[in-house]
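Asks:
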Amino acid sequence: MKTALFPRLLLTIAATASAAAIAQTASVAMPTMNSASEARLLADNHGGMSEEMGSEEMMSPEEMDSEEMMSPEEMDSEEMMSPEMTSEQGTTTIAEIAMANDSFDTLAQALQAAGLAETLGSEGPYTVFAPTDEAFAELPEGALEYLLQPENRGVLQQVLKYHVVPGEVMASDLSDGGLDTLSGGLAVRVTDERVIINNGSVVQPNIGASNGVIHVVSRVMLPIAVREQLMAALMAQQ
Numbered sequence: 001m002k003t004a005l006f007p008r009l010l011l012t013i014a015a016t017a018s019a020a021a022i023a024q025t026a027s028v029a030m031p032t033m034n035s036a037s038e039a040r041l042l043a044d045n046h047g048g049m050s051e052e053m054g055s056e057e058m059m060s061p062e063e064m065d066s067e068e069m070m071s072p073e074e075m076d077s078e079e080m081m082s083p084e085m086t087s088e089q090g091t092t093t094i095a096e097i098a099m100a101n102d103s104f105d106t107l108a109q110a111l112q113a114a115g116l117a118e119t120l121g122s123e124g125p126y127t128v129f130a131p132t133d134e135a136f137a138e139l140p141e142g143a144l145e146y147l148l149q150p151e152n153r154g155v156l157q158q159v160l161k162y163h164v165v166p167g168e169v170m171a172s173d174l175s176d177g178g179l180d181t182l183s184g185g186l187a188v189r190v191t192d193e194r195v196i197i198n199n200g201s202v203v204q205p206n207i208g209a210s211n212g213v214i215h216v217v218s219r220v221m222l223p224i225a226v227r228e229q230l231m232a233a234l235m236a237q238q
C-alpha cells in the first residue's frame with residue numbers, strides 16, 4: 001500500500017507546486033497598486049465596521065505598540081499634549097489650532113484648499129478627528145496630490161467633512177457604535193487599550209478649542225464613495 005501511495009503523493013506535490021508557480025506569475029504580470037496602498041484604501045468604510053476596519057493588520061507593529069499604551073480612561077488626560085497644543089487651549093478655534101501647530105501642516109493646507117478653514121473657525125461647536133502629517137503621509141502615493149488638485153475640491157471637502165462631527169464629543173463620551181459626521185457615518189469601537197475610529201486610533205484626545213474639541217487620529221479616513229473614486233484614479237495613473 002505504501003508503494004502505491006508514494007507516486008500519488010509525488011503527483012500531488014508536483015501539482016501544488018505548478019499551481020503556485022502559475023499564481024505567482026499571474027500576480028507579477030498584473031499591473032496593480034502595491035498591496036500596502038490598496039490595503040489602506042480598502043480599510044476605510046462608510047457607515048459601518050467592515051472586516052478591514054476591525055482587523056489590526058492595517059496598522060504596523062510600531063503603531064500598535066504606541067497606540068496600545070493609551071486606555072480609554074487615559075483619554076481624559078492631557079499628559080501627551082505638546083506645549084504648542086496646550087498653550088491657550090480653549091481660547092482659540094479649531095482652525096487656528098490646526099494652522100498654528102506643526103503636526104497639522106497638511107491638514108491646514110487641506111482645510112484652506114477645500115475652503116473649510118472658515119467653517120472650523122466659526123462658532124460650532126464641532127468635534128474634529130484630526131489626522132497628523134504622518135497620517136496623511138500614510139495615504140497611497142499620489143492620493144494627497146490628487147485630493148489637493150483644484151478640480152477635486154469637492155472630493156477633498158467630502159474627506160475633511162468625514163472627520164467633523166457636529167457638537168462636542170469628548171473621548172469619554174465615545175462608545176461602540178457610530179458617529180454621524182458632516183459627510184457620513186464613522187464606526188467607533190472602544191477596547192481596553194484604545195479607541196478605534198474606522199481603521200485608525202485616537203492617539204491624542206480632548207484638545208480643547210473655543211468652538212469644540214480635537215482628537216488626533218492615526219489615519220486619514222475616507223468615505224466609501226471617495227475611497228472607490230480615489231482607487232480608480234490612482235489605478236488609471238499607472
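The sequence shown lines up with residues 1 to 238 when you count with this note's numbering.
Heads up, the beta-carbon is just placed ideally off N, CA and C, and yes, glycines get one too.
Every value quoted in this text rests on a predicted model; they were computed, and no experiment measured them.
Would A187 be called buried (16 or more neighbouring beta carbons within 10 Å of its own) or exposed?
Replies: So A187 counts as buried.
Asks: Mapping the DSSP letters down to three states, classify L222 as helix, strand or coil.
Replies: Residue state, collapsed to three classes: coil.
Asks: Which first and last residues belong to the alpha helix (DSSP H) in which D105 is found?
Replies: Residues 105-114.
Asks: Give, in chain order, every unbroken run of the beta strand (DSSP E) that is at least 3 residues long and sits entirely within the segment 92-178.
Replies: Within the segment 92-178, the complete beta strand (DSSP E) runs of at least 3 residues are 126-131, 164-166.
Asks: With 16 as the cutoff for other CB atoms within 10 Å, does G212 come out buried or exposed?
Replies: When all chains shown are included, G212 counts as buried.
Asks: Using only alpha-carbon positions, find the residue among Q238, T93, Q229, M221 that is nearest to P131.
Replies: The option with the nearest alpha carbon to P131 is M221.
Asks: Looking only at C-alpha atoms, which of D180, K161, A95 sits nearest to V169?
Replies: Selected option, being the one with the closest Cα: D180.
Asks: Report yes if the CB atom of I207 is closer than 8 Å to the CB atom of I214, and no otherwise.
Replies: Cβ atoms of I207 and I214: closer than 8 Å.
Asks: Quick one: residues in its chain with C-beta nearer than 7 Å to the C-beta of N152, no 5 flanking neighbours on either side, listed in chain order?
Replies: Excluding sequence neighbours, N152 sits near Y146.
Asks: Considering only their Cβ atoms, is the gap separating Q158 from P223 smaller than 8 Å?
Replies: Yes, the Cβ-Cβ distance between P223 and Q158 is below 8 Å.
Asks: From this set, A137, F104, D176, which residue's C-alpha is nearest S198's C-alpha?
Replies: Correcting the residue type first, residue 198 is Asn in the shown sequence and not Ser. Among A137, F104, D176, the Cα nearest to that of N198 belongs to D176.
Asks: Judging by CA-CA distance, which residue of R194, L156, L174 is the nearest neighbour of S183?
Replies: Here the closest residue by C-alpha is L156.
Asks: Taking C-alpha atoms, which residue in Q112, Y126, P166 lies nearest to Q149?
Replies: Minimum Cα distance to Q149 is reached at Q112.
Asks: Using the Cα positions of F129 and G200, report the straight-line distance between them to the nearest angstrom.
Replies: Their backbone Cα atoms lie some 10 Å apart in a straight line.
Asks: Go ahead and label S218 buried or exposed: buried means 16 or more other beta carbons lie within 10 angstroms of its beta carbon, across all protein chains shown.
Replies: Buried, because 16 or more other Cβ atoms sit within 10 Å of the Cβ of S218.
Asks: So is E141 buried or exposed if we call it buried at 16+ other beta carbons inside 10 Å?
Replies: Label assigned to E141: exposed.
Asks: Please name the residue in L160, I97, D102, T127 whose C-alpha comes closest to that of A110.
Replies: Here the closest residue by C-alpha is L160.
Asks: Go to L186, then tell me how far its beta strand (DSSP E) extends in each direction, as first and last residue.
Replies: Its beta strand (DSSP E) spans residues 184-190.
Asks: Find out if the Cβ-Cβ distance for the pair F104, A98 is shorter than 8 Å.
Replies: Contact flag set, yes.
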